[in-house]
Every structure is written in C-alpha cells, then in structure tokens.
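Protein sequences appear in the order of chains A and B. First residue of the first sequence: 1, per my numbering; consecutive thereafter. First residue of the second sequence: 1001, per my numbering; consecutive thereafter. Encoded as structure tokens, the structure appears first; notes follow it.
Protein chains: 2
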Amino acid sequence: MTSSLQADPQRVGEVLYKTLRDRIISGELRPGTRLSVPALAEEFRVSRSPVRDAVIRLVQENLAAETMNRGAEVARISRAELVSLYEAREVLEGAVARLATEKYEAALRRSLLALLTEHRTVAEQGDFARHIELDAAFHREIRQAAKSPVLSRMLDGVQSRVLVAMRSTSLTGGMVQAVHDHQAIFEAIGSGDPEAAEEAARAHIHRLKELLRAAD
Amino acid sequence: MTSSLQADPQRVGEVLYKTLRDRIISGELRPGTRLSVPALAEEFRVSRSPVRDAVIRLVQENLAAETMNRGAEVARISRAELVSLYEAREVLEGAVARLATEKYEAALRRSLLALLTEHRTVAEQGDFARHIELDAAFHREIRQAAKSPVLSRMLDGVQSRVLVAMRSTSLTGGMVQAVHDHQAIFEAIGSGDPEAAEEAARAHIHRLKELLRAAD
DNA sequence: GCGTTCAACACTGCATGCAGATAGCGTCGA
DNA sequence: TCGACGCTATCTGCATGCAGTGTTGAACGC
C-alpha cells in the first residue's frame, strides 16, 4: 500500500474518514458532491476498500446520503432539518452548560475569558472567519468541561452538520450579539448557578433557532 | 450470493446491520462478544464484505468497540457512561415532550392513553418484560409526535445503548413509579403546556438517573 | 510444578475481481 | 426540431486473495 498520507500509526480508512469529514465540514466538498469510491481511491492512491469504509461512516453520521445502487453524495441539509438540529442543540448546549457549572474548575473560567476577550475584539473588527472559529471554540470549551462523553459526541455531530448547512445560507446571528450572549453564559457559569447557566445557553441557541425559522 | 436471509429488496450489508443490531439490543449478543467477521460471514452464508460494513456501522454508533488489529466486540457500557446516557436522555426527552405538546394532535392523546391504561394493569400484575416494552413504546410515541428527525435519531441511539447497559444491572426504577411518572407526562402534554410537559419528562428521567448514581 | 519460548492458527485490514445496475449520450425515426 | 431508443462507460455492492499481526497453547528449560 502506497499512501500519500503519512499516517502509518492509524488505519488508512480512519485517515480517509477524517480527511473527507474535514473537507465536508470546511466546505471544500460541497453538498451534493458525489463521493465516488473509485475516484477517491485513485486520488488518495489507495484501494477502494478503505474508501468504502470511510464513506459508510460518513453516511452513518448523516454527513453523506446514499441511494440504492447509486452510492453516496455529500449531504444536502434542508432548512427544516437545520431547525431540527437547532432544537437538539438548544437542549444539549443547555445541558453541558449546566454540567460544566456543576463541575466548575478555575481553568474553565480562564480559557473562556481569554476566548471571550479576543472574540469581542474580533467582532468589533468584523473578522467573520475568526468569529466562527472563536464561537465554536467557546462552545467546545464548555462541552469538554461538562465531561459527558455522550453529550459531547452528540454536539460534535450536530455542530458539524450545522456548519455544512450554514454554508448554504447567508444567515448570521450577528457577531456582536453572539459575544453578548456568550458573556451572559460565561457569567452564569462563573456565578456557580447551574440553572442560570443552562438557561443562558438555551436562550443563546434558541435565539438563533428563531432567526432561522423567521428566515423561511 | 446465497443468503439465508430472504431480503432481496435491500442490501445484504443493511440486513446484517439490522440483524446484528437487534441481537445486541435484545441481549442475544452479550457485551464483550467478539464480532469476528469471518465467523459471522459463515453463519449468514455471505462474504466478509457486507459483514465488515455492518460491523463498521455498529462501531460508529457505539454499539460495538474495536481495537487496532483486533477487530470489534459488542460494547461494554460502563456505569459512568450509562449516567452520561441518562444526562443526554433527560434533556432530549424533555425536548420531544415540549415539541409534541406544541404540535399536539388528538391521535397522540389516544395512543398514549391506550398505552398508559395497559401499562397500569401490567405494572400491578408485575409483568416486567411487558413493562419494558410499554415503557419504550410510550416514549417512542412522544418522540414521533415531536416530528424532529434529529432528536428522534439521537433518542433511538441513546435508547438502544441504555437497553444494552441495563441488562448488566439489576436496577429498575419501579414499574408503578414509572406509570405514575408517565401519567404526569401524559397530563402535561394533554393540558397543552409545553413547559410543564418538558419539566415532567425531565423529572421522570432525572429520577432514574439519580437512582443510577446512587447505585454505585 | 511453574515460567518462558516459539510455532501454528485465526483474524484484521487492504487490494482486487466481477456481475448487475444506472446515467449519460449519440443515433435514429418521425 | 424533437423525442424514443439503445449503447457505452462508470459505478455500486458482494466476493475473495493475501500479507502482517495478535493470540493461544504446547513444548521446553529450570
């Protein structure tokens, strides 16, 4: 096997899965793009087996969709499904915010504060790309602090599909407003009140969900 | 291809996936059981390819776990992970109860009432197996009424893993208490108050989660 | 009797062959 | 000009080959 990817420690199929996943999430592979197994095998200079394995996994987590005897393509995420994703995200973000507060450690406060400080500057400067990164990082920090593997995994899945879907829409929740919401979540977590933290996180996502609904 | 399964309309790998999934959930395949691809291929009289596909999907949804170069085995779900599953389930069941209430239709009330009536009888008679079925059916009915594909799928995944984990524990929430909780959820949904429905559903799962925590 | 070494076995993971199905495209007829 | 038909290229999905690796168990030394 001669791979163009230098990942010996891992399985080829695993590397392919992560690579394709990244390309879908980053938008390099747009929704509707056919995931032809032979074509991908040739591109990566591997056989079709590990490619097939990777595609199966992408389909299993709804980042790709397949038709009988027609193979898979990058998932097209409808507006209705995006709303559904946000319905899930609302309660999941609420849950991790609550758990992170219950298991509060000083390190969380420090990292959130650092992210928030930079985010405020970035939002005022209008750097949209960096805003997206910091927004994701803020939520990721909280869900890692919640130490709930099941919730984390679910949110990862939701988040990746949201990113795919968002690329098809021009909608944004507003960078400054996002910083404002995050500030409220940060304060609620810092105050040690799990209920308040859950409520703040839910309100944040709920607001975005309603924006999506209204944009129909 | 000569399959012992009479499913021509579907792919062999799809049928195998569902079959193995059922066997894991039903307990026929116990946690820790090796999922040897050649052995399963021979058992089902198919080649290793579709078996491999099925196992990959089981691993992807955490019903099986694999080690490098050692293949997969049926997932062993720890007590800690079971608690994590219930943390997720708590908010997810809350969310679908709220959505089902918002989208309330008369058919839901009828089906829930029918289930509840039988469940009450069954609980008093102490029929544990039927209790499990009715409990699952009650929650399934609500999440279908919520019409949120993302939430439904997540709950399906949680539920299947909970069933696997529960088989390893002697813990039960109490049949009569379950009926009591379900009655409260039913009434909250019927009253048309989404907040109350969410709270009732969360309280139900929360109680079970605390039982699990206490049983350490 | 007990720990160590080694050899046979079984399986994983990647590669590849192949029949059937599908889509795309050009040809033909009207 | 336009639509129906059929052909070809490509792909999917299942089968199978094979090298490398982990495991098991038996022979061996102590």
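Cβ atoms here follow ideal geometry from the backbone N, Cα and C, with glycine treated the same way. These numbers come from a predicted model, not from an experiment.
Beta-carbon proximity list for His1139 (chain B), same chain, < 7 Å, skipping 5 on both sides: Taking the first residue of the second sequence as 1, we reach residue 1139 (chain B) at position 139. Take His1139 (chain B), set aside five residues on each side of it, and the residues of its chain with a beta-carbon closer than 7 Å to its own are Glu1093, in chain order.
Nearest neighbour of Leu16 (chain A), chosen from A:Gly27, A:Gly192, A:Arg48, A:Thr33 [CA to CA]: For the purposes of this step, residue 16 (chain A) is identified with residue 16 of the first sequence, where counting begins at 1. Of the listed residues, the one whose Cα sits closest to Leu16 (chain A) is A:Arg48.
Glu1198 (chain B) - containing alpha helix (DSSP H), residue span: Mapped onto the second sequence, residue 1198 (chain B) falls at position 198. Looking at the DSSP string, the run of the alpha helix (DSSP H) that includes Glu1198 (chain B) is 1194–1214.
Contacting positions in the stretch 1074–1097 of chain B - beta carbon closer than 7 Å to chain A: Glu1081, Ser1084, Leu1085, Glu1087, Ala1088, Val1091, Leu1092, Gly1094, Ala1095
N-terminal and C-terminal residue of the beta strand (DSSP E) that Thr67 (chain A) is part of: Taking the first sequence and counting its residues from 1, the one referred to as residue 67 (chain A) is at position 67. For Thr67 (chain A), the enclosing beta strand (DSSP E) stretches over residues 64–67.
Alpha-carbon to alpha-carbon, Glu1073 (chain B) and Gln1060 (chain B): Position 60 of the second sequence, counted from the first residue, corresponds to residue 1060 (chain B). Position 73 of the second sequence, counted from the first residue, corresponds to residue 1073 (chain B). In a straight line, the C-alpha of Gln1060 (chain B) is about 13 Å away from that of Glu1073 (chain B).
Burial state of Ser1078 (chain B), where buried means 16 or more other Cβ atoms lie within 10 Å: Position 78 of the second sequence, counting from 1, holds the residue named residue 1078 (chain B). By the neighbour-count rule (16 or more Cβ atoms within 10 Å), Ser1078 (chain B) is not buried but exposed.
Cβ contact check for the stretch 1151–1169 of chain B and the stretch 1017–1025 of chain B: 3 or more pairs under 8 Å: yes
Neighbour flag for Glu1199 (chain B) against chain A, beta carbons, 8 Å: Within the second sequence, numbered from 1, the residue matching residue 1199 (chain B) stands at position 199. Interface with chain A (8 Å Cβ-Cβ cutoff): Glu1199 (chain B) is excluded.
Bridge partners - Arg1034 (chain B), DSSP secondary structure assignment: For the purposes of this step, residue 1034 (chain B) is identified with residue 34 of the second sequence, where counting begins at 1. Bridge partners of Arg1034 (chain B): B:Glu1073.
Contact list for Asp193 (chain A) against chain B, beta-carbon separation under 9 Å: What you label residue 193 (chain A) is simply residue 193 of the first sequence in a count that begins at 1. The premise fails here: Asp193 (chain A) is roughly 18 Å from chain B at the closest Cβ pair, so nothing lies under 9 Å.
Closest residue to Ala1088 (chain B) among A:Glu133, A:Ser152, A:Gln125 (Cα-Cα distance): Counting from one through the second sequence, the residue named residue 1088 (chain B) turns up at place 88. Comparing Cα positions, the closest option is A:Ser152.
Beta-carbon proximity check, Ala217 (chain A) vs Ala178 (chain A), cutoff 8 Å: No statement about residue 217 (chain A) is possible, as the shown extent of chain A runs from 1 to 216 and does not include it.
Pick from B:Met1175, B:Ala1145, B:Asp1156, B:Ala1146 that is closest to Gln1000 (chain B), judged by C-alpha positions: This structure does not reach residue 1000 (chain B), given that chain B is present from 1001 up to 1216, and the question cannot be answered.
CB contact below 8 Å: Asp1022 (chain B) versus chain A: The residue you call residue 1022 (chain B) lines up with position 22 of the second sequence. Taking a beta-carbon distance threshold of 8 Å, Asp1022 (chain B) does not count as an interface residue toward chain A.
Own chain residues within Cβ distance below 7 Å of Asp1008 (chain B), not counting five before or after: Numbered from 1 along the second sequence, position 8 holds the residue referred to as residue 1008 (chain B). Bear in mind that a pLDDT of 41 at Asp1008 (chain B), under 50, signals an unreliable position, so the model cannot answer this.
Three-state class that DSSP yields for Ala1146 (chain B) in the structure shown: The residue you call residue 1146 (chain B) lines up with position 146 of the second sequence. Note: Ala1146 (chain B) maps to coil in three-state DSSP.
Between the CA atoms of Arg52 (chain A) and Ala129 (chain A) - distance to the nearest angstrom: Position 129 of the first sequence, counting from 1, holds the residue named residue 129 (chain A). Position 52 of the first sequence, counting from 1, holds the residue named residue 52 (chain A). Cα to Cα, the separation comes out at about 33 Å.
Inter-residue CB distance, His1182 (chain B) and His1119 (chain B) (contact presumed, cutoff 8 Å): Locating residue 1182 (chain B) in the second sequence gives position 182, counting from the first residue. Locating residue 1119 (chain B) in the second sequence gives position 119, counting from the first residue. Yes, they are in contact, since the Cβ atoms of His1182 (chain B) and His1119 (chain B) sit about 7 Å apart, within 8 Å.
C-alpha distance - Arg34 (chain A) paired with Met1166 (chain B), whole-angstrom precision: Start at 1 with the first residue of the first sequence, and residue 34 (chain A) comes out as number 34. Start at 1 with the first residue of the second sequence, and residue 1166 (chain B) comes out as number 166. Taking the straight line from one Cα to the other gives about 41 Å.
Straight-line gap, Ala137 (chain A) to Leu115 (chain A) (C-alpha atoms, nearest Å): The count along the first sequence starts at 1 and reaches residue 137 (chain A) at position 137. The count along the first sequence starts at 1 and reaches residue 115 (chain A) at position 115. If I take the Cα positions, the gap works out to 8 Å.
Extent of the continuous alpha helix (DSSP H) to which Tyr86 (chain A) belongs: Here residue 86 (chain A) refers to the residue found at position 86 when the first sequence is read from its first residue. Start and end: 79–102.
Proximity below 8 Å, CB of Glu1210 (chain B) to CB of Ala1095 (chain B): Sequence index remark: in the second sequence, residue 1210 (chain B) carries index 210 (1-based). Sequence index remark: in the second sequence, residue 1095 (chain B) carries index 95 (1-based). Against a cut-off of 8 Å, the Cβ pair of Ala1095 (chain B) and Glu1210 (chain B) comes out as no contact.
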